[in-house]
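**Q** Adding 1 to a residue's 1-based position in the sequence shown gives its number in our numbering. C-beta: ideal position from N, C-alpha, C; glycine also. Bear in mind the structure is a predicted one, so any value in this text is a computation, not a measurement.
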Amino acid sequence: MGPPGMETSWRYDIWSLIRFLHVGAAVLWVGGQLTLSLVVRPVTSRLMSDDDRRRLVSALGSRFGRLAAVGLVPVLLASGLALTYHRGVTLAGFTVGGYGTTLGVKIGLALVSFALAAVHGMSAVRSSARAVRWVGMIGSIVSLAVVALAVTLVP
Numbered sequence: 002m003g004p005p006g007m008e009t010s011w012r013y014d015i016w017s018l019i020r021f022l023h024v025g026a027a028v029l030w031v032g033g034q035l036t037l038s039l040v041v042r043p044v045t046s047r048l049m050s051d052d053d054r055r056r057l058v059s060a061l062g063s064r065f066g067r068l069a070a071v072g073l074v075p076v077l078l079a080s081g082l083a084l085t086y087h088r089g090v091t092l093a094g095f096t097v098g099g100y101g102t103t104l105g106v107k108i109g110l111a112l113v114s115f116a117l118a119a120v121h122g123m124s125a126v127r128s129s130a131r132a133v134r135w136v137g138m139i140g141s142i143v144s145l146a147v148v149a150l151a152v153t154l155v156p
């Protein structure tokens, strides 16, 4: 109900909750990546010694990685699967074109984003800072591509 002439058809049901969880987890996933790479890393590079910066960024990355592994990624996968089911998209629908194909590319890129984040986290202690930075930047770009595709799926 809304003002006269501006009634809304707002509905709160289980699918609204699942969509909220999916979007919220995506915001934290992509926002966390961008915050670490565009805000924390550059500021700590200017203001902290190399050893202190490495310890802080490593601790923040580890904390974010644990949050992603036990919370964000499972919520994104489960809610994404549920929403795909709710929209009636079948495996064959991923190849037909339009919504299904866009959704399939989005899912594929999301999986690439998760894999790159895992590689980034594992390589942070074993690889050169430059290689780790490149993996992180590519992962952030892939995550932004997922968001760009997601907004095309909303009617």
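Closer than 8 Å, CB to CB, is T102 near chain C or not?
**A** No chain C is present in this structure, which holds just one protein chain.
**Q** Considering only C-alpha positions, which residue in the set V126, V120, R127, L150 is nearest to V136?
**A** It is V120.
**Q** Taking DSSP as the reference, what is the three-state secondary structure of M49?
**A** Looking at M49 - three-state DSSP - the assignment turns out to be coil, as it is neither helix nor strand.
**Q** Between which two residues does the alpha helix (DSSP H) holding G140 run?
**A** Segment 130 to 154, the alpha helix (DSSP H) holding G140.
**Q** Please determine, among T103, S129, G122, the residue with the shortest C-alpha to C-alpha distance to S63.
**A** That would be G122, whose Cα lies nearest to the Cα of S63.
**Q** So what's R88 in DSSP terms, helix, strand or just coil?
**A** Three-state DSSP puts R88 in coil, outside helix and strand.
**Q** In whole angstroms, give me the CA-to-CA distance for A27 and L68.
**A** A27 and L68: Cα-Cα distance of roughly 13 Å.
**Q** Please state whether the Cβ-Cβ distance between S114 and L22 is less than 8 Å.
**A** It is not a contact, given that the beta carbons lie outside the stated cut-off.
**Q** Tell me, to the nearest whole angstrom, how far the beta carbon of W30 is from that of S144; I am working on the premise that it is less than 8 Å.
**A** That belief holds up - the Cβ atoms of W30 and S144 are roughly 7 Å apart, short of 8 Å.
**Q** What number of angstroms, rounded off, separates the C-alpha of L84 from the C-alpha of Y100?
**A** One C-alpha to the other measures close to 13 Å.
**Q** Once DSSP output is grouped into helix, strand and coil, what is the label at A125?
**A** Of the three classes helix, strand and coil, the one that applies to A125 here is coil, per DSSP.
**Q** Could you check what DSSP says for G101 in three-state terms: helix, strand or coil?
**A** If DSSP states are grouped into helix, strand and coil, G101 belongs with the helices.
**Q** How many Å lie between A70 and A116 at the Cα?
**A** In a straight line, the C-alpha of A70 is about 11 Å away from that of A116.
**Q** At the level of alpha carbons, what is the spacing between L154 and A60?
**A** The alpha-carbon atoms of L154 and A60 are separated by roughly 36 Å.
**Q** For V133, collect the residues of the same chain with a Cβ closer than 8 Å to its Cβ; drop the 5 residues on either side in sequence, then sort them by chain order.
**A** Excluding residues within five positions, the ones whose Cβ falls inside 8 Å are H121, S124, A125.
**Q** Can you find the residues in the same chain that come closer than 8 Å, C-beta to C-beta, to V148, ignoring five residues on each side of it along the sequence?
**A** A27, V31.
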